[in-house]
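S.K.:
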Amino acid sequence: MDNIKQIIILSTCIFLLAPLALVIYINIYNRRKKKHIDEKAHLKNVFQQELLKTQIEVQEETLGNVGREIHDNITQVLSFVKLNLALAANADPADQQKKINESRELIARAINDLRHLSKSLNFEHIMQHGLLNALNAEADRINNSGIIQINLRVDGDSYSLGAQRELVFFRIFQESLNNTLKHAGASRINITLQYSEQLFNLTLEDDGMGFSPDEMAGNAGSGLKNMQNRAAMLGAVTSLYSSPGKGCSIRVTLNPNKKQLYADGNLPNSIS
Amino acid sequence: MFYNLIGKYLTGKFIIVTGLVILFLLYIIELFTNVSGIFNFNSTTYAGMSVLFVIYSLYYYYVLLKSEAYAELKFLPEFWWVTGTLFFFFGTTTVNLFYTQLSKSYPDNKLYLVYISDILIVILYGCWSYSFICKRWITSNK
Chain A
1 MDNIKQIIIL
11 STCIFLLAPL
21 ALVIYINIYN
31 RRKKKHIDEK
41 AHLKNVFQQE
51 LLKTQIEVQE
61 ETLGNVGREI
71 HDNITQVLSF
81 VKLNLALAAN
91 ADPADQQKKI
101 NESRELIARA
111 INDLRHLSKS
121 LNFEHIMQHG
131 LLNALNAEAD
141 RINNSGIIQI
151 NLRVDGDSYS
161 LGAQRELVFF
171 RIFQESLNNT
181 LKHAGASRIN
191 ITLQYSEQLF
201 NLTLEDDGMG
211 FSPDEMAGNA
221 GSGLKNMQNR
231 AAMLGAVTSL
241 YSSPGKGCSI
251 RVTLNPNKKQ
261 LYADGNLPNS
271 IS
Chain B
1 MFYNLIGKYL
11 TGKFIIVTGL
21 VILFLLYIIE
31 LFTNVSGIFN
41 FNSTTYAGMS
51 VLFVIYSLYY
61 YYVLLKSEAY
71 AELKFLPEFW
81 WVTGTLFFFF
91 GTTTVNLFYT
101 QLSKSYPDNK
111 LYLVYISDIL
121 IVILYGCWSY
131 SFICKRWITS
141 NK
C-alpha cells in the first residue's frame, strides 16, 4: 500500500518536474539567443562603422593623390605652357610654330592626366568596376608617376568578392602602398591576386629595407594592426613576412564562400 | 490552437491533420471495442490525445527556439498557453496510467489522483489566465 503511494507521489513529481525543467531550459536557451542576437547586432554596427571609416579613408587617400598629382604634374605642365606661350610672343615665326606645337602637346598630356584623375576621383567608379580594375588603374597611375614600379599579377579567373569586401581589400592595398612609400624605400612592389573557388589571396611584396615584425608589434604598427583588424572583420587572415634587408610581404587570405553574419556584401547607404 | 501557434513559424497543416486523423481512428477503434460503446470513458483516446498534445507542445517549443526572431518569453501569451497545456497533459498521463488499476484495487487511493488532477488544473488555468493577461497587455499597448 505504502509502496503504491510512494510510486504515485514519485511519478507525479517526475511528471511535474520534467516540464518544469524543460521550461527552465527553454528560458535559458532563449536568453542565450537574445545575447547572441545582441552581439550580432553590435558586430554589425561595428562593422558598418568600420566600413564607413574605410570609405572615408579611401576617399581621403584618393583626394590626397589627386591634390599631389595636380600640384606636382598638371600645374607644372600648365606653368611650362604659360611660359612657352609668353616666349612665343617675341620669337620669330619658325620658333613660334615650334613653341605652339610643344604647348599643344603639353596641354594634350595635361588633359589626358586630368581625365585619369577624374576617374580615380570618382569613388563609385572604383567600386563599380571591381577590385581588379581599381588596382590596375592605381598601378598604372603609380607606374606613370615613376615613384615606384608596381607589377600586378592575377592567377585564376577573377570574380567579385562583394562591394564591402572589395572596398576593404582596396583600402588594405592603399595602406600597404602608403607604408611602402613612406618607410620601405622600395623600388618595386609585386601585387598578386590569386582567385580560386575556395580561396582568395592578395599578396603585396616589396623589395624595401624590411623590418622585424616582433619589434614592430611593440612600436607604432597601428597601420598594420588596422589592416589585420579589418581583414579579420571579413573573416580573412593577414600574414606578414619581413626581416631587415629582405623586404616585406603581406598576404591577406579569404575564403570567399565564408559569409560573415554581419557582412552581406553590399555597401551601406551612407556614402555610396 | 496549435495549428495557429505552429503556423506562425512554419506550415503546420500536415502535422495537425495527421494528429487529428490518428485521434479519430483511436476513437473509432475504442468506440467499437468497448462494451458500453459511446457511454464509456474512452481512456485510450484520452491518453492518445494527451501524448499528441505533449508532442505538439514540445514541437512548438522547438520551432520557437529555432526561429531567428527573439521573443520575450515572460510576456509571450502563446508560450504560457502551451506551457499550461504541456503541464496538464503531461501530468494527466500519470493519472491515466494509474487511474484504472488504483481505482479498482485500492479505492482509497483515488483521492491522491484527485489531488494530482486538482494541482494540474490549477497549473493549467493559472498559465492560461496569465497567457490571456499577456495578450491583453500586448493588445492594449498597441
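Taken in order, these protein sequences are the chains called A and B.
In terms of the working numbering, the first sequence is residues 1 to 272.
In terms of the working numbering, the second sequence is residues 1 to 142.
Note that CB positions come from ideal geometry on N, CA and C, so glycine has one too.
1) Would you mind giving the Cβ-Cβ distance between Phe89(B) and Val54(B), rounded to the nearest angstrom? I have them listed as a contact below 8 Å.
2) Output yes if chain A places a C-beta closer than 8 Å to the C-beta of Tyr112(B); else output no.
3) By DSSP, does Glu197(A) sit in helix, in strand, or in coil?
4) Measure the Cβ-Cβ separation of Ser140(B) and Trp81(B) and say whether it is below 8 Å.
5) Here's the rule I'm using: 16 or more other beta-carbon atoms within 10 Å means buried, otherwise exposed. How should Gln174(A) be labelled?
6) Would you tell me roughly how many angstroms separate the C-alpha atoms of Glu50(A) and Ile26(A), rounded to the nearest one?
7) Can you name the residues of chain B whose CB is closer than 7 Å to the CB of Asn45(A)?
8) Grouping DSSP H, G and I as helix and E and B as strand, with all else coil, what is Ile123(B)?
9) For the region 77-99 of chain B, which residues have a CB atom closer than 7 Å to at least one CB atom of chain A, in sequence order?
10) With distances taken from CA atoms, which of Asn179(A), Arg153(A) and Arg68(A) is nearest Asp113(A)?
11) For Tyr59(B), would you say it is in contact with chain A, using Cβ-to-Cβ distances shorter than 8 Å as the test?
12) Excluding sequence positions up to five away, which residues of its chain have a Cβ less than 6 Å from the Cβ of Phe87(B)?
13) Using the C-alpha atoms, what's the distance from Tyr27(B) back to Thr177(B)?
14) For Ala18(A), return the contacting residues in chain B, with the cut-off set at a CB-CB distance below 8 Å.
15) Give a yes or no on whether 8 Å exceeds the smallest Cβ distance from Asn27(A) to chain B.
16) Distance check for Gln59(A) and Gln96(A), CA to CA, integer angstroms please.
17) Along the chain, where does the alpha helix (DSSP H) containing Tyr241(A) start, and where does it finish?
18) Go ahead and label Ser212(A) buried or exposed: buried means 16 or more other beta carbons lie within 10 angstroms of its beta carbon, across all protein chains shown.
M.R.: According to the structure data:
1) 5 Å between Cβ atoms; contact.
2) yes
3) coil
4) no
5) buried
6) 36 Å
7) Chain B residues near Asn45(A): none, gap ~17 Å exceeds 7 Å.
8) DSSP places Ile123(B) in helix when its eight states are reduced to three.
9) If the cut-off is 7 Å between Cβ atoms, the region 77-99 of chain B has Thr83, Leu86, Phe87, Phe90, Gly91, Thr93, Thr94 and Phe98 near chain A.
10) Arg68(A)
11) Not one chain A Cβ lies under 8 Å of Tyr59(B).
12) Ile123
13) There is no way to answer for residue 177(B), as the model of chain B reaches only from 1 to 142.
14) Phe90
15) At a cut-off of 8 Å between C-beta atoms, Asn27(A) counts as an interface residue with respect to chain B.
16) Rounded to the nearest whole angstrom, the CA to CA distance from Gln96(A) to Gln59(A) is 43 Å.
17) Segment Val237 to Ser242 is the beta strand (DSSP E) holding Tyr241(A); no alpha helix (DSSP H) there.
18) exposed
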